[in-house]
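Remarks on the structure that follows.
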Amino acid sequence: MDHKIEPLYDGPLFRNAIQTLDESAKIINCDPNVLERLKRPRRCITVSVPVRMDDYSVKVFTGYRVQYSPTLGPYKGGIRYHQNVDLQEVVGLAALMTFKNSVLGLPLGGAKGGITVDPTKLSRTEKQNLTRRYASEIGPFVGPTKDIPAPDVGTDPQTMAWFMDTYSQEQGGFAQPGVVTGKPVEIGGSLGRNHATGLGVVYVAEKAFEVCKMSMKGATIAIQGFGNVGSFAAKFAHDRGARIVAVSDVSGGIYNGDGLDIPEVLEYIKAHKFLKGYPKASPISNEELLEVKCDALFPCALENQIDTHNAEKIQAKIIVEGANGPITNAATKILSKRGVFIAPDVIANGGGVIVSYFEWVQDTMALFWDEDEVNAKLKVLITKAFDKGYTMAQEKNVDMRSAAMAVSVQRLEKAMLLRGLYPR
Ligand code: NAD
Numbered sequence: 031m032d033h034k035i036e037p038l039y040d041g042p043l044f045r046n047a048i049q050t051l052d053e054s055a056k057i058i059n060c061d062p063n064v065l066e067r068l069k070r071p072r073r074c075i076t077v078s079v080p081v082r083m084d085d086y087s088v089k090v091f092t093g094y095r096v097q098y099s100p101t102l103g104p105y106k107g108g109i110r111y112h113q114n115v116d117l118q119e120v121v122g123l124a125a126l127m128t129f130k131n132s133v134l135g136l137p138l139g140g141a142k143g144g145i146t147v148d149p150t151k152l153s154r155t156e157k158q159n160l161t162r163r164y165a166s167e168i169g170p171f172v173g174p175t176k177d178i179p180a181p182d183v184g185t186d187p188q189t190m191a192w193f194m195d196t197y198s199q200e201q202g203g204f205a206q207p208g209v210v211t212g213k214p215v216e217i218g219g220s221l222g223r224n225h226a227t228g229l230g231v232v233y234v235a236e237k238a239f240e241v242c243k244m245s246m247k248g249a250t251i252a253i254q255g256f257g258n259v260g261s262f263a264a265k266f267a268h269d270r271g272a273r274i275v276a277v278s279d280v281s282g283g284i285y286n287g288d289g290l291d292i293p294e295v296l297e298y299i300k301a302h303k304f305l306k307g308y309p310k311a312s313p314i315s316n317e318e319l320l321e322v323k324c325d326a327l328f329p330c331a332l333e334n335q336i337d338t339h340n341a342e343k344i345q346a347k348i349i350v351e352g353a354n355g356p357i358t359n360a361a362t363k364i365l366s367k368r369g370v371f372i373a374p375d376v377i378a379n380g381g382g383v384i385v386s387y388f389e390w391v392q393d394t395m396a397l398f399w400d401e402d403e404v405n406a407k408l409k410v411l412i413t414k415a416f417d418k419g420y421t422m423a424q425e426k427n428v429d430m431r432s433a434a435m436a437v438s439v440q441r442l443e444k445a446m447l448l449r450g451l452y453p454r
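Residue numbers 31 to 454, in our numbering, belong to the letters of the sequence shown in order.
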C-alpha cells in the first residue's frame with residue numbers, strides 16, 4: 031500500500047502513524063476525504079527562542095508547537111525538550127496524541143510541542159529562561175480553551191509551573207492554571223497524576239487477563255523499565271497479588287522466579303538509584319528480561335524493544351505496552367499470529383493523559399477531587415476504551431492495535447462529518 035505523506039512532515043514516527051491510520055481506515059471503511067484530512071496537521075508553529083545563558087551569552091533555540099486536530103476539543107499534548115526534536119518528530123507525536131485522545135473518549139484534540147535542546151546541559155536558571163521565552167512565543171496559540179500543554183521527555187511539573195506563570199503574567203497577571211497540566215498540586219495540579227500511567231497500565235492488564243480467561247492474582251509478570259510508568263505498574267500489580275518475577279532499568283535487570291519483593295525493590299532504588307546490585311535476585315540483561323517465561327510482559331521503557339529479531343522468542347501470553355511504541359508493526363503481526371494478546375500503547379498508557387484531562391477539568395471548575403475519586407474515574411475511562419477496542423477487534427477479527435486505531439478514526443470521522451467539515 032502506498033502511504034502518501036506530505037514531504038515536509040515525513041519522519042519515521044509520522045510514517046508509522048500514517049501506515050497504521052491507513053490500515054485502520056480500511057477496517058471501518060473510512061470516508062476518503064476524512065482520511066486525506068487526517069494525514070496532515072492543522073497548524074505547525076515554529077519559533078525562535080533566545081535565551082540568556084549563565085555566561086551572559088545569548089543562544090537561540092528552535093521550538094515547535096504542532097496543533098494536529100481540533101475536531102474533538104481543545105488541543106492537548108506534551109512538550110518535549112530533547113536534542114533530537116525536529117518538526118517531523120513533533121508532527122508524528124501530535125498525530126499520535128490525536129488518535130490517543132480520540133480512542134480514550136476525551137473531549138480533546140491532539141497536539142505536541144518541543145524544543146531542540148539537550149536539557150541535561152542547561153542549568154536550572156537557563157531551563158527556566160528557555161521555558162518562559164518559549165511560553166511567551168507560543169502564548170498567542172495556547173490557553174485553557176485553545177491548547178493545553180503538559181510535560182513529556184525532558185520537562186516536568188516545575189517546567190509546567192514556569193510555563194503557567196509566564197502565560198498568567200501575559201494575561202494581566204491573573205492565574206490561569208488551566209493552561210497546562212502536570213503541574214505541582216499546590217498550583218492546581220491533580221492528586222493521582224504522578225502514578226496515573228502506571229495505574230492505568232494495571233487497570234488495562236486486569237482487563238487483558240480477564241479476556242484471556244486468566245487472573246492477575248498469582249500471575250507472573252516481567253516489567254522492562256522501572257521509571258515513572260514501570261515502577262508504579264510493578265507496585266500496583268504486586269498489590270493485586272501478581273508475582274513480579276523480573277524488572278529492569280538502564281543498568282540492567284533483576285530476576286527472581288519466586289517473585290520480587292516490590293516494596294523492598296522500591297526502597298533499594300531510593301537508596302541506590304539503579305537496580306543493579308539488588309541482592310535477592312539474579313542479574314539478567316534487558317534483552318533476556320523480554321524473553322523470560324512469564325504470563326504477562328509490560329514493556330515500560332523505550333520504543334522498538336520487540337522487533338522481528340526477538341518476537342518469536344517472547345514467552346508472555348499478554349503484553350501491555352506501558353511505553354510508547356515498544357513493539358514494531360512487523361513484530362505485532364508475528365506476535366498476534368502466535369496468539370499473544372497485545373494491549374496497545376494508545377490505550378494501555380493512556381492513564382497519564384486521562385488524569386491530565388481530569389486536572390484541566392478540576393482547574394476549570396476550581397473544585398478538586400481526592401485521590402480515590404481520581405483513581406476511580408481513571409478506571410472507568412480506561413476500561414471503557416479497552417472494551418471498545420476489544421469489541422472492534424472481535425467484530426472485525428483484527429488485532430487490538432488495529433482495532434484501537436479503528437475506534438479512534440471512527441470517532442474522528444463521525445465528529446468531522448457531523449461538524450460538516452467534510453460532507454460526503
Ligand atoms: P522514566 O524516565 O521515568 O523511566 C524510564 C525507565 O526506563 C527508567 O527506569 C530507565 O532506567 C529505563 N531505561 C532507560 N533506557 C533503558 C534501556 N535501554 N533498557 C531498559 N530500560 C531502560 O520514563 P517514564 O515516564 O516511565 O516513561 C517510560 C515510557 O512510557 C516512555 O516510552 C514514555 O513515552 C511512556 N509514557 C510515559 C507516560 C508518563 O506519564 N510518564 C505516559 C505515557 C507514556
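Glycine residues also receive a C-beta, built at the ideal position from the N, C-alpha and C atoms.
When the Cα atoms are used, what is the spatial distance from residue i to residue j?
i	j	result
Y387	T211	8 angstroms
C74	K444	24 angstroms
V79	Y94	10 angstroms
V410	V322	32 angstroms
A68	G450	Rather than Ala, the amino acid found at residue 68 in this sequence is Leu. One C-alpha to the other measures close to 15 angstroms.
L397	Q113	38 angstroms
A406	V234	13 angstroms
P42	Q49	11 angstroms
I412	R82	43 angstroms
L442	V215	32 angstroms
V115	K243	42 angstroms
V133	I274	29 angstroms
Q254	F262	12 angstroms
K34	L51	11 angstroms
Q195	H302	The amino acid occupying residue 195 in the given sequence is Asp; Gln does not appear at that position. So the two alpha carbons sit approximately 35 angstroms from each other.
K237	S312	31 angstroms
N59	E200	46 angstroms
F44	T394	32 angstroms
Q440	K151	43 angstroms
K213	E167	20 angstroms
H339	G202	56 angstroms
G260	D182	16 angstroms
Starting from the C-beta of residue i, find all residues in its chain whose C-beta is less than 8 angstroms away, skip the five residues before and the five after it, and write them out in chain order.
i	result
L305	F256, V277, S278, D279, S281, G282, G283, I284, V295, Y298 and I299
Y197	A165, G169, V172, G173, Q206, V209 and V210
E342	I364 and R368
D40	Q118
V428	I57, M422 and A436
Q392	G218, S220, F398 and W399
P149	Y111, H112, K157, G184 and T185
G248	G271, A272 and R273
F371	A238, V241, C242, K347, I348, I349 and M430
Y420	K237, V241, M430 and A433
Excluding the five sequence neighbours on either side, which residues of its own chain have a C-beta within less than 7 angstroms of the C-beta of residue i, listed in chain order?
i	result
P374	E351, M430, R431 and A434
D84	S153, T155 and E156
L126	A47
F204	S198
N159	V81 and R82
L448	none
E53	S432
T128	Y98, S99, G139 and G140
G287	V275
K89	V81 and M83
Starting from residue i, trace the beta strand (DSSP E) both ways and give me its first and last residue.
i	result
D279	R273 to D279
K409	Taken as a continuous stretch (DSSP letters only), K409 belongs to no beta strand (DSSP E), being part of the alpha helix (DSSP H) at E401 to K426.
T92	V88 to S99
A373	F371 to A373
H112	Y105 to H112
R270	Premise fails: R270 is in no beta strand (DSSP E) and is neither H nor E.
Y39	Element bounds for Y39: n/a, residue is neither H nor E.
A205	It is not in any beta strand (DSSP E) - A205 carries neither H nor E in the DSSP assignment.
Starting from residue i, follow the alpha helix (DSSP H) in both directions and report where the run begins and ends.
i	result
F193	P187 to E200
I292	I292 to H302
Q254	Premise fails: Q254 lies in the beta strand (DSSP E), T250 to Q254, not in any alpha helix (DSSP H).
H225	Neither: H225 is in no alpha helix (DSSP H) and is coded neither H nor E.
Y164	R154 to I168
F328	Not the alpha helix (DSSP H): F328 falls in the beta strand (DSSP E), residues A326 to P329.
Once the 5 residues before and after residue i are set aside, which same chain residues still bring their CB inside 6 angstroms of it?
i	result
V120	Y94, V96, K142 and G144
A378	V231, V234, V350 and E351
Under 8 angstroms by Cβ, that's how I've got residue i and residue j pegged, so tell me the actual separation to the nearest angstrom.
i	j	result
T146	F193	That pair is no contact at about 18 angstroms.
Y111	T227	Contact flag wrong, Cβ pair sits at about 19 angstroms.
G103	P71	Not confirmed; about 16 angstroms, so no contact.
I131	V383	What sits at residue 131 in the sequence shown is Asn, not Ile. That belief holds up - the Cβ atoms of N131 and V383 are roughly 7 angstroms apart, short of 8 angstroms.
A264	I292	5 angstroms
Quiz item: Does the pairing of the segment 89 to 108 with the segment 177 to 190 give three or more beta-carbon distances under 8 angstroms?
Solution: yes
Exercise. Determine contact between the segment 353 to 360 and the segment 326 to 334, defined as no fewer than three beta-carbon pairs at a distance below 8 angstroms.
Key: The answer is yes - the segment 326 to 334 touches the segment 353 to 360, with three or more Cβ pairs under 8 angstroms.
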